[in-house]
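One structure below.
2 protein chains.
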Amino acid sequence: MGRRSDHSRDEIREMALAAAEQVVAEQGLAGLSARKVAGAIGYTVGTLYLVFDNLDELILHVNVRTLDELHAVMVKALRRCRGPESCVLALGRAYVRYADTHRHRWSLLFEHRLPEGQEVPEWFRAKVAAMFELVEGALAPMSDHRSGREIGLAARALWSGVHGVAILALTDKLGTASVESVQALTDSLIRNYLAGFAGAGGR
Amino acid sequence: MGRRSDHSRDEIREMALAAAEQVVAEQGLAGLSARKVAGAIGYTVGTLYLVFDNLDELILHVNVRTLDELHAVMVKALRRCRGPESCVLALGRAYVRYADTHRHRWSLLFEHRLPEGQEVPEWFRAKVAAMFELVEGALAPMSDHRSGREIGLAARALWSGVHGVAILALTDKLGTASVESVQALTDSLIRNYLAGFAGAGGR
DNA sequence: ACCTGAACACCGTTCAAGT
DNA sequence: ACCTGAACACCGTTCAAGT
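Protein sequences, first through last, are from chains A and B.
Residues in the first sequence are numbered from 28 upward in steps of one, following the working numbering.
Residues in the second sequence are numbered from 28 upward in steps of one, following the working numbering.
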């Protein structure tokens, strides 16, 4: 036993994250364990704790990667749309499609909660903010007369909404879990919200 | 040891549920364990399994009670509103207020997931449906020309949206966790959605 | 310096044995 | 018939000891 130095600290981190992603993809949060991840990369549990503070930190990093993937998918969706409503709808559909095809990875984003006092680190929130900025960008062309603050609030309200639809539908709490019906729900949410937002009142 | 018969099966179930509620309220899902619940009611772990299939079933019943409380709170909110928009807003605010003041109980509703193949039982989904029916009822006065199916879809889209706002905001993923800002977000979501829904298009 | 392996204090779940 | 207590197979996390 003892020293091996087959891999650098960073390499071990990377391997662990990749292994954790695979376990989560296959078995969800419930199937994830430090021993399982360690075994998958050919190291002992102890080594994992040399490289991550604890399991929560590891999961946080898996989640940031998921946010990055989501962001990329949404950016891609923006390349095939014309006009503001079309673009917001495209973002919504891309989001729902990702959630549907990567259920476990996506669920981990919201099933995992940090222990009581601990708050979500800044670099994590920045990634969430980046996602909202895509929505703000799509909203901007239809909101000349509005302040950045208003657009920011609208993007958060609307996107949290899309997210809520995805959660209830995909975790089967609505009794209507098909991708089509989720799409119908998000489309309804987005179309009606935008009608109100672009129209008279707003607020 | 052996027989005691201090309490009937149903009494033990009731005591266990009450104890579980308290543990969850204080320490969240992560703090909940079969041994802890059993200890709190003065029985052994084994007894808990005589009365519940497993921990998942116990949690499911805690969650149904939460849905009942939420329903009651929303019904109460409907007593102090005039006109459709006012009533939907009242429902939204009641929901957010409940989520905020009972964070752990409310979080349990969505943090807890049944093991892979198992689906949410019918009696559970019925309770979720009952919540949506309250929203449908509030929506009805502003949708004479719409079918029940359309109203149902609108209620689900809108309410899932309110729920998503509450999740992201209260689990601190938005970086704006104050109750006021959550209220502002839900108000924005509801007002704009209703403007679109009541207005011309809809669809 | 790097990694292991065993330990500690917990889990959910089962079930022979006691009264 | 009802309940216990110990067992089993797991957890997350730590850390002395080995190379």
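From the three backbone atoms N, C-alpha and C, an ideal C-beta is built for every residue, glycine too.
Member of the options whose CA lies at the smallest distance from the CA of residue i
i	options	result
residue 184 of chain B	A/198, A/217, A/116 and A/171	A/217
residue 128 of chain B	B/40, B/100, B/69 and B/176	B/100
residue 6 of chain A	A/141, A/89, A/149 and A/119	An answer regarding residue 6 of chain A cannot be provided, because it is not within the stretch 28 to 230 covered by chain A.
residue 104 of chain A	A/125, A/208 and A/67	A/125
residue 200 of chain B	A/171, A/178, A/155 and A/112	A/155
residue 165 of chain B	B/117, B/176, B/187 and B/150	B/117
residue 95 of chain A	A/33, A/161 and A/197	A/161
residue 168 of chain A	A/114, A/214 and A/207	A/114
residue 175 of chain A	A/190, A/159 and A/188	A/159
residue 32 of chain B	B/53, B/70 and B/58	B/70
residue 186 of chain B	B/213, B/142, B/85 and B/152	B/213
residue 84 of chain A	A/40, A/208 and A/108	A/40
residue 143 of chain B	A/42, A/36, A/53 and A/37	A/53
residue 208 of chain B	A/196, A/177 and A/198	A/177
residue 148 of chain B	B/196, B/86 and B/172	B/86
residue 145 of chain A	B/211, B/198 and B/108	B/198
residue 153 of chain A	A/172, A/91, A/170 and A/34	A/91
residue 112 of chain B	B/59, B/66 and B/170	B/170
residue 141 of chain B	A/37, A/58 and A/141	A/58
Check whether residue i and residue j have beta carbons under 7 Å apart
i	j	result
residue 163 of chain B	residue 182 of chain B	yes
residue 219 of chain A	residue 79 of chain B	no
residue 131 of chain B	residue 51 of chain B	yes
residue 98 of chain A	residue 157 of chain A	yes
residue 44 of chain B	residue 61 of chain B	no
residue 222 of chain B	residue 226 of chain A	yes
residue 138 of chain B	residue 56 of chain B	yes
residue 180 of chain B	residue 134 of chain A	no
residue 68 of chain B	residue 46 of chain B	yes
residue 122 of chain B	residue 189 of chain B	yes
residue 136 of chain A	residue 93 of chain A	yes
residue 191 of chain B	residue 191 of chain A	yes
Where residue i sits in the DSSP three-state scheme
i	result
residue 80 of chain B	coil
residue 35 of chain B	coil
residue 66 of chain A	helix
residue 90 of chain B	helix
residue 109 of chain A	coil
residue 168 of chain A	helix
residue 194 of chain B	helix
residue 98 of chain B	helix
residue 228 of chain A	With a pLDDT of only 47 at residue 228 of chain A, under the threshold of 50, the placement of this residue in the model should not be trusted, and no figure is reported.
residue 134 of chain B	helix
residue 41 of chain A	helix
residue 104 of chain B	helix
residue 128 of chain B	helix
residue 22 of chain A	As shown, chain A starts at 28 and ends at 230. That puts residue 22 of chain A outside it, with no answer to give.
residue 188 of chain B	helix
residue 59 of chain B	coil
residue 152 of chain A	helix
residue 71 of chain A	coil
residue 140 of chain B	coil
residue 29 of chain A	coil
residue 163 of chain A	helix
residue 174 of chain B	coil
residue 145 of chain A	coil
residue 212 of chain B	helix
residue 221 of chain A	helix
(request) Report the residues of the segment 138-150 of chain A with a CB closer than 8 Å to any CB of chain B, ordered along the chain. (result) Contacts with chain B (Cβ-Cβ distance below 8 Å) from the segment 138-150 of chain A involve 138, 140, 142, 143, 146 and 147, listed in chain order.
(message) Please list, in chain order, the residues of the segment 28-57 of chain A that have any C-beta partner in chain B closer than 9 Å.
(response) Cβ contacts with chain B come from 54, 55, 56 and 57.
(request) Could you please tell me which residues of the segment 182-193 of chain B, in chain order, have their CB closer than 9 Å to any CB of chain A? (result) 183, 184, 185, 186, 187, 188, 189, 190, 191, 192 and 193: these are the residues of the segment 182-193 of chain B whose beta carbon lies less than 9 Å from some beta carbon of chain A, given in chain order.
(message) Give me the subset of the segment 159-176 of chain A whose CB atoms are less than 9 Å from a CB atom of chain B, sorted by chain position.
(response) Residues of the segment 159-176 of chain A that bring their beta carbon within less than 9 Å of a beta carbon in chain B comprise 159, in sequence order.
(request) Check each residue of the segment 91-125 of chain A: if its Cβ is closer than 8 Å to any Cβ of chain B, include it; give the result in chain order. (result) Within the segment 91-125 of chain A, no residue has a Cβ that lies closer than 8 Å to any Cβ of chain B.
(request) Mind checking the segment 210-227 of chain A against chain B and listing, in chain order, the residues whose C-beta falls within less than 8 Å of any C-beta there? (result) Sequence-ordered contacts of the segment 210-227 of chain A with chain B read 211, 212, 213, 215, 216, 218, 219, 220, 221, 222, 223, 224, 226 and 227 [C-beta pairs closer than 8 Å].
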